Amino acid sequence: MDILLQQIINGLVLGSMYALIALGYTMVYGIINLINFAHGEVLMVGALTSWTIIGLMKDGMPNTPGWLILLIALIIACVVAATLNFVIEKVAYRPLRNSPKLAPLITAIGMSILLQTLAMIIWKPTNKAYPTLLPSDPIHLGGAVISPTQVMILSVTAFSLVVLMWLVNYTKLGRAMRATAENPRVAALMGIRPDMVISATFIIGAVLAAIAGVMYASNYGIAQHAMGFLPGLKAFTAAVFGGIGNLAGAVVGGILLGLIEAIGSGYIGTLTGGVLGSNYSDIFAFIVLIAMLTLRPSGLLGERVADRA
Numbered sequence: 136m137d138i139l140l141q142q143i144i145n146g147l148v149l150g151s152m153y154a155l156i157a158l159g160y161t162m163v164y165g166i167i168n169l170i171n172f173a174h175g176e177v178l179m180v181g182a183l184t185s186w187t188i189i190g191l192m193k194d195g196m197p198n199t200p201g202w203l204i205l206l207i208a209l210i211i212a213c214v215v216a217a218t219l220n221f222v223i224e225k226v227a228y229r230p231l232r233n234s235p236k237l238a239p240l241i242t243a244i245g246m247s248i249l250l251q252t253l254a255m256i257i258w259k260p261t262n263k264a265y266p267t268l269l270p271s272d273p274i275h276l277g278g279a280v281i282s283p284t285q286v287m288i289l290s291v292t293a294f295s296l297v298v299l300m301w302l303v304n305y306t307k308l309g310r311a312m313r314a315t316a317e318n319p320r321v322a323a324l325m326g327i328r329p330d331m332v333i334s335a336t337f338i339i340g341a342v343l344a345a346i347a348g349v350m351y352a353s354n355y356g357i358a359q360h361a362m363g364f365l366p367g368l369k370a371f372t373a374a375v376f377g378g379i380g381n382l383a384g385a386v387v388g389g390i391l392l393g394l395i396e397a398i399g400s401g402y403i404g405t406l407t408g409g410v411l412g413s414n415y416s417d418i419f420a421f422i423v424l425i426a427m428l429t430l431r432p433s434g435l436l437g438e439r440v441a442d443r444a
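Per the numbering used here, residue 136 is the first one in the sequence shown, and the count goes up by one each step.
Printed below as a string of structure tokens:
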């Protein structure tokens, strides 16, 4: 039972990060029907930017509290990621908006490779040890433990989700986003500027990805140029699992996928008679993806709708 409780905690932490990333996928898809496969690399840029800022601040201001260093690094990472995604949308995706759907998809894959290559040039293709800036004393919950870093991840994720839901449901921008997602032509006739709304959507998605990147690097203690690929792919799986284009579905899909992966990794040795270890935990995410695409392509909370013209 203690093992199960521990894996549930780990799954909630992992799932919360997947949820943040998945929201970026599902928001962009909901607005312009594009799967932005460069989204994971935005996460990577956010993580490596924060790693750089943390190093500079620890060298230049060694007496600054760790939590403040992390907060400043997180804010700067969000700004850099938002700027990057704004440029990507304007330069790479906007000119292809009326092209066949395959064109922006190929562009997204190419952008992913380009960003990884640029990261290798800027930060070098080596693993960076991500410093621990919060206390390391674990918090005991029955027979399980949760670290202060994991508490931070859950808290920051919950706060980010509340802010996002408020933004989407109770602000002028949120109403414009929903109108553009429903019908961009009609939205334009109502005085909404679809280009501005789409850019704002990419910026919001980038901020969520940067937050997830900093949380991911803090949790695993490492940052490197390819770190966004696998979490990005799993978050895409989470978005499909929950119903891509549905914000609540992205959150539900992310949390459930994290729980499935964590609990599965805790028991995979028992399930396979010791043949497979916990390092094979990635298999669960893609089993979920294949099963969902086969049994319910629209996802848990998605609606079966016809493709837009």
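Idealized CB from N, CA, C, for every residue including glycine. Everything numeric in this text was worked out from a predicted model, so none of it was measured.
| message | Assuming the contact rule is C-beta atoms closer than 8 Å, VAL163 and ALA216 should be a hit. Round their C-beta distance to whole Å, please. | response | Taking the sequence shown and counting its residues from 1, the one referred to as residue 163 is at position 28. Taking the sequence shown and counting its residues from 1, the one referred to as residue 216 is at position 81. No, VAL163 and ALA216 are not in contact; Cβ-Cβ is about 14 Å, not under 8 Å.
| task | Have a look at PHE172, SER353, ALA254 and VAL222 and flag the residue whose alpha-carbon is nearest the alpha-carbon of GLY245. | result | Residue mapping note: residue 245 aligns to position 110 of the sequence shown, counting from 1. Among PHE172, SER353, ALA254 and VAL222, the Cα nearest to that of GLY245 is on PHE172.
| message | Can you look up LYS263 in the DSSP assignment and give me helix, strand or coil? | response | The residue given as residue 263 occupies position 128 in the sequence shown. LYS263: strand per DSSP, three-state reduction.
| query | Near PRO260, what residues of its chain come up, given a Cβ to Cβ distance below 7 Å and the 5 sequence neighbours on each side ignored? | reply | In the sequence shown, counting from the first residue as 1, residue 260 sits at position 125. The residues are HIS360.
| request: Provide the residue span of the alpha helix (DSSP H) that contains LEU276, from first to last. | output: The residue given as residue 276 occupies position 141 in the sequence shown. Here LEU276 belongs to no alpha helix (DSSP H); instead the beta strand (DSSP E) covers 274-276.
| query | Who are ILE357's beta bridge partners in DSSP? | reply | One-based indexing of the sequence shown puts residue 357 at position 222. According to DSSP, ILE357 bridges with ALA264.
| task | Below 8 Å on the Cβ atoms is my guess for HIS174 versus GLY159; work out the distance and round it to an integer in Å. | result | Reading the sequence shown from its first residue, position 39 is the one you call residue 174. Reading the sequence shown from its first residue, position 24 is the one you call residue 159. So it is a contact: roughly 5 Å between Cβ atoms.
| message | By the three-class DSSP mapping on this structure, what secondary structure does ALA173 have? | response | The residue given as residue 173 occupies position 38 in the sequence shown. The answer is coil: DSSP assigns ALA173 none of H, G, I, E or B.
| In three-state DSSP terms, what is ARG443? | Taking the first residue of the sequence shown as position 1, residue 443 is located at position 308. Unreliable placement is indicated for ARG443, whose pLDDT of 42 sits below 50; no coordinate value is reported for it.
| task | Give the C-beta separation of SER185 and ALA352 to the nearest angstrom, bearing in mind that I take them to be a contact with Cβ-Cβ under 8 Å. | result | Along the sequence shown, one-based indexing puts residue 185 at 50. Along the sequence shown, one-based indexing puts residue 352 at 217. Their Cβ separation, rounded to whole angstroms, is 7 Å, which keeps SER185 and ALA352 in contact under 8 Å.
| query | Nearest to LEU147 by alpha carbon, out of ASN198, GLN285, GLY367 and ILE188? | reply | Walking along the sequence shown from the start, residue 147 turns up at place 12. When each option's Cα is compared against that of LEU147, the closest is GLN285.
| Just curious, the alpha helix (DSSP H) that TYR288 is in, first and last residue? | Working through the sequence shown from its first residue, we reach residue 288 at position 153. The question names Tyr, but residue 288 in the sequence shown is Ile. Residues 283-305.
| message | When you measure from the CB of ILE204 to every non-hydrogen atom of the ligand MG, does any distance come out below 7 Å? | response | This structure does not include the ligand MG; it has no bound ligands of any sort.
| request: Compute the distance between the beta-carbons of LEU382 and VAL303, then report whether it is under 8 Å. | output: Taking the first residue of the sequence shown as 1, we reach residue 382 at position 247. Taking the first residue of the sequence shown as 1, we reach residue 303 at position 168. It is a contact, given that the beta carbons lie within the stated cut-off.
| said: Alpha carbons only, please: which of ASP330, LEU391, SER282 and ALA208 is nearest the one belonging to ILE167? | reply: Position 32 of the sequence shown, counted from the first residue, corresponds to residue 167. Taking only the C-alpha atoms, the option nearest ILE167 is ASP330.
| Are the stretch 252-266 and the stretch 370-387 touching, with three or more C-beta to C-beta distances below 8 Å? | no
| request: Kindly list the residues whose CB is nearer than 6 Å to the CB of TYR228, restricted to its own chain and excluding five residues on each side of it in sequence; keep chain order. | output: In the sequence shown, counting from the first residue as 1, residue 228 sits at position 93. For TYR228, where only same-chain residues beyond five positions count, the Cβ hits under 6 Å are PRO239.
| Anticipated Cβ contact below 8 Å, ALA212 with VAL349, distance rounded | For this step, residue 212 is matched to residue 77 along the sequence shown. For this step, residue 349 is matched to residue 214 along the sequence shown. Yes, they are in contact, since the Cβ atoms of ALA212 and VAL349 sit about 6 Å apart, within 8 Å.
| field | From GLN142, LEU391 and VAL177, residue whose alpha carbon lies closest to that of VAL222 | value | Working through the sequence shown from its first residue, we reach residue 222 at position 87. The option with the nearest alpha carbon to VAL222 is VAL177.
| field | Distance CB(PRO270)-CB(ILE281) smaller than 8 Å | value | As a working note, residue 270 is residue 135 in the sequence shown. As a working note, residue 281 is residue 146 in the sequence shown. No, these two residues do not count as a Cβ contact at 8 Å.
| With distances taken between CB atoms, is the gap from ALA370 to GLY340 smaller than 8 Å? | Translated into positions along the sequence shown, residue 370 becomes position 235. Translated into positions along the sequence shown, residue 340 becomes position 205. In this structure, GLY340 does not lie closer than 8 Å to ALA370 by Cβ.
| request: Can you give me the Cβ contacts of VAL297 inside the same chain, cut-off strictly under 8 Å, excluding the 5 residues immediately before and after it? | output: Along the sequence shown, read from residue 1 onward, the residue named residue 297 stands at position 162. So no residue of the chain qualifies.
| said: Suppose you measure from the CA of THR161 to the CA of ALA385; what does that come to, to the nearest Å? | reply: As a working note, residue 161 is residue 26 in the sequence shown. As a working note, residue 385 is residue 250 in the sequence shown. Spanning the two alpha carbons is a distance of roughly 7 Å.
| query | Taking Cβ positions, are LEU392 and ALA420 nearer each other than 8 Å? | reply | Taking the sequence shown and counting its residues from 1, one reaches residue 392 at position 257. Taking the sequence shown and counting its residues from 1, one reaches residue 420 at position 285. Going by C-beta atoms, LEU392 is nearer than 8 Å to ALA420.
| message | Ignoring anything shorter than 4 residues, give me the alpha helix (DSSP H) runs that lie fully in the stretch 333-397, in order along the chain. | response | 364-377
| query | Roughly how far, in whole angstroms, is the beta-carbon of LEU140 from the beta-carbon of GLY277, given that I think they are within contact range, below 8 Å? | reply | The count along the sequence shown starts at 1 and reaches residue 140 at position 5. The count along the sequence shown starts at 1 and reaches residue 277 at position 142. Indeed, because the Cβ distance is near 6 Å, the residues count as touching under 8 Å.
| field | Exposure label - ARG439; buried when at least 16 CB within 10 Å | value | Counting from one through the sequence shown, the residue named residue 439 turns up at place 304. Here the model assigns ARG439 a pLDDT of 49, short of 50, so the residue's position is not dependable and the matter cannot be decided.
| said: Distance check for ALA243 and LYS225, CA to CA, integer angstroms please. | reply: Within the sequence shown, the letter at position 90 stands for residue 225. Within the sequence shown, the letter at position 108 stands for residue 243. For LYS225 and ALA243, the distance between alpha carbons rounds to 13 Å.
| request: Could you tell me the distance, in whole angstroms, from the CA atom of THR292 to the CA atom of MET152? | output: Your numbering for residue 292 matches position 157 in the sequence shown. Your numbering for residue 152 matches position 17 in the sequence shown. Going from the Cα of THR292 to the Cα of MET152 covers about 7 Å.
| GLY367 versus ILE418 - alpha carbon distance | In the sequence shown, counting from the first residue as 1, residue 367 sits at position 232. In the sequence shown, counting from the first residue as 1, residue 418 sits at position 283. Spanning the two alpha carbons is a distance of roughly 15 Å.
| At what residues does the alpha helix (DSSP H) containing LEU155 begin and finish? | What you label residue 155 is simply residue 20 of the sequence shown in a count that begins at 1. Run containing LEU155: 137-167, per the alpha helix (DSSP H) assignment.
| Nearest residue (CA-CA) to MET427, options LEU155, ALA373 and LEU394 | Along the sequence shown, read from residue 1 onward, the residue named residue 427 stands at position 292. Ranking LEU155, ALA373 and LEU394 by Cα distance to MET427 puts ALA373 first.
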